[in-house]
Amino acid sequence: MSDVDTITVSIDADDSTDEVTIPAGLVDLVAEGDQTSAETIGDVTLLSFASRAHHIVHHGDGADEELEAQEERIMDLFEERFGVTFGEATGHQH
């Protein structure tokens, strides 16, 4: 086992909880400016969901209206949080 420092984050959602442990250096690496660890992990979480939704809807085997609505909503939330569209942030537009 290495001597890499980690950070453990608790996640509370609806009626369940979970924890995830991440190398602290990775959190610091992707942090922007003076972001807290919680803000950084929140950003990465939202980016991950937006990326997954985009991939499923636009590069998967097809999506129904409900899934397309979910993808549209995560993209709205992405733009609200980051101030740019997913396409602008990632350079992946279509």
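Residue numbers (full-length UniProt numbering): 1 to 94. Using N, Cα and C, we set each Cβ at its ideal position, and we do this for glycine too. Computed from a predicted model, the values in this text were never measured in an experiment.
What are the boundary residues of the beta strand (DSSP E) that residue i is part of?
i	result
GLU19	16-23
Tell me whether residue i sits in a helix, a strand or coil according to DSSP, three-state version.
i	result
SER2	coil
THR90	helix
Using the C-alpha atoms, what's the distance from residue j back to residue i?
i	j	result
GLY42	MET75	15 Å
PHE78	GLU39	14 Å
ILE22	THR6	5 Å
ALA52	VAL4	In the sequence as displayed, the identity of residue 52 is Arg instead of Ala. Distance between the alpha carbons of ARG52 and VAL4: 29 Å.
LEU29	SER37	11 Å
THR85	LEU47	11 Å
ALA24	THR8	9 Å
ARG81	PHE49	13 Å
ALA63	ILE11	28 Å
SER2	GLU19	21 Å
THR90	GLU65	24 Å
- Message: Suppose only complete runs of 3+ residues qualify. What are the beta strand (DSSP E) ranges in the region 6-78, listed by chain order?
- Response: Secondary structure within the region 6-78: the beta strand (DSSP E) runs of 3 or more consecutive residues, fully enclosed, are 6-13, 16-23 (chain order).
- Message: I want to know whether the region 69-83 touches the region 45-59 - three or more CB-CB distances under 8 Å.
- Response: Between the region 69-83 and the region 45-59, the count of Cβ pairs shorter than 8 Å is three or higher; the stretches touch.
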